[in-house]
Amino acid sequence: MRIAVHQLPHGLGLDLPAYATAHAAGMDLRAALPDGETWELVPGARRLVPTGLVMAIPPGFEGQVRPRSGLALKHGVTVLNAPGTIDADYRGEVQVLLINQGDAPFLLRRGERIAQLLVAPAAAWTWAPEENPERLGETERGSGGYGSTGR
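Residues 122 to 272, numbered by the working numbering, are exactly what the sequence shown covers, in order.
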């Protein structure tokens, strides 16, 4: 699948997202901060970080913005609304909502890899209202909720 992408002026000069290895599921998104500027993300703070990218996700798919495991492990920095969704009809700049859940300030610089982008099928559906809950069918789990399948 090929996805049309446009780099905004503040994203020019940054590499487009690319697979890091042959079997990687996602591509890394980079921070499109102004040259020479550093943003400090103090513990507990969140910030919307620009990527400088506008893209056309094909109908029937969604872009999923996910945390990078290395940032989470080393710094406690993650994507707050993970996974964030890029809808197929969105044509604005892709931005990443980062939060610092670590115990030290995190310094964010231009070109830093901040999240992963995956593209996945997104089925469209409609509701079929059912008045009789017995017609929904039985399952082994039934109505067991939180913690019902674990210890």
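Where is the CB? At the ideal position from N, CA and C, for every residue including glycine.
Where residue i and residue j are concerned, what is the direct C-alpha to C-alpha distance, given to the nearest angstrom?
i	j	result
M122	A243	15 Å
G149	A166	Contrary to the premise, residue 149 reads as Asp rather than Gly in this sequence. If I take the Cα positions, the gap works out to 22 Å.
R230	T172	12 Å
G258	E251	11 Å
L207	V215	Here residue 207 turns out to be Ile, not Leu, going by the sequence shown. So the two alpha carbons sit approximately 8 Å from each other.
V175	L162	25 Å
F227	T199	11 Å
L137	A209	19 Å
G197	L135	25 Å
L169	L219	6 Å
P192	G147	Note on residue identity: the sequence assigns Leu, not Pro, to residue 192. Their backbone Cα atoms lie some 15 Å apart in a straight line.
R234	R256	48 Å
T247	T270	29 Å
H131	H144	30 Å
E158	N221	19 Å
K195	P254	48 Å
In three-state DSSP terms, what is residue i?
i	result
L154	coil
L135	coil
E233	coil
L344	Missing from the structure shown is residue 344; the chain here goes from 122 to 272 and no further.
E255	helix
V240	strand
Sort out for me which residues DSSP pairs residue i with in a bridge.
i	result
I207	G184
I220	R167 and T199
V126	M176
W160	L229
Compute the beta-carbon to beta-carbon distance between residue i and residue j, rounded to the nearest angstrom, for a pair I have assumed lies under 8 Å.
i	j	result
G205	P164	Actually they are not in contact, since the Cβ atoms of G205 and P164 sit about 21 Å apart, beyond 8 Å.
R151	G232	5 Å
A84	A177	There is no way to answer for residue 84, as the model of the chain reaches only from 122 to 272.
message = With three or more C-beta pairs closer than 8 Å as the rule, is the region 169 to 187 touching the region 225 to 239?
response = yes
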